[in-house]
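Asker: Quick one: the structure is below, and I'll ask about it shortly.
Numbering (this note's numbering), first residue to last: 252 to 360.
And the structure:
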């Protein structure tokens with residue numbers, strides 16, 4: 252999966268600065284979880300506006316735009332490369348489901 256994500260242009264190396272955001276890949280309960288984090292300054296600004304009940308603020312719009320665009324991109328890349336995905340249980344990113352074992356592979360076990 253790392254090779255496929257890199258082929259699509261995503262950087263799979265851990266960020267050098269925790270605030271920079273980018274692709275996030277982790278393992279949760281045996282499943283790979285792939286998601287996107289915006290830069291901390293956008294996250295902080297959007298959260299401040301949400302907490303102030305300013306849901307139409309520019310920071311909130313930008314945050315939602317980035318979140319939706321990157322979720323759409325990750326969905327297209329992962330499914331286009333043959334992965335089965337579903338939304339992660341916490342609503343952030345995608346849980347990549349195990350690929351079914353091909354009948355020929357099952358027989359050779």
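Ideal placement from N, C-alpha and C gives every residue a C-beta, glycine not left out.
Computed from a predicted model, the values in this text were never measured in an experiment.
For the alpha helix (DSSP H) that residue 273 lies in, which residues bound it at each end?
Answerer: Numbered from 1 along the chain shown, position 22 holds the residue referred to as residue 273. Unbroken run through residue 273 is the beta strand (DSSP E), 273-279; no alpha helix (DSSP H).
Asker: Could you have a look at residue 269 and say whether DSSP puts it in helix, strand or coil?
Answerer: Sequence index remark: in the chain shown, residue 269 carries index 18 (1-based). Three-state result, residue 269: coil.
Asker: If I measure Cβ to Cβ from residue 339 and keep anything under 8 Å in the same chain, skipping five residues before and after, which residues do I get?
Answerer: Here residue 339 corresponds to residue number 88 of the chain shown, with the count starting at 1. Closer than 8 Å at Cβ, skipping near neighbours: 279, 284, 286, 345, 346.
Asker: Can you check the stretch 295-329 for any alpha helix (DSSP H) of at least 4 residues that lies completely inside it and give the ranges in chain order?
Answerer: Segments of the alpha helix (DSSP H) lying fully in the stretch 295-329: there are none.
Asker: Taking 8 Å as the cut-off, decide whether the C-beta atoms of residue 282 and residue 348 are in contact.
Answerer: In the chain shown, counting from the first residue as 1, residue 282 sits at position 31. In the chain shown, counting from the first residue as 1, residue 348 sits at position 97. It is a contact, given that the beta carbons lie within the stated cut-off.
Asker: Can you check which of these residues, 329, 315, 341, 290, is closest to residue 257 by C-alpha distance?
Answerer: Position 6 of the chain shown, counting from 1, holds the residue named residue 257. Selected option, being the one with the closest Cα: 329.
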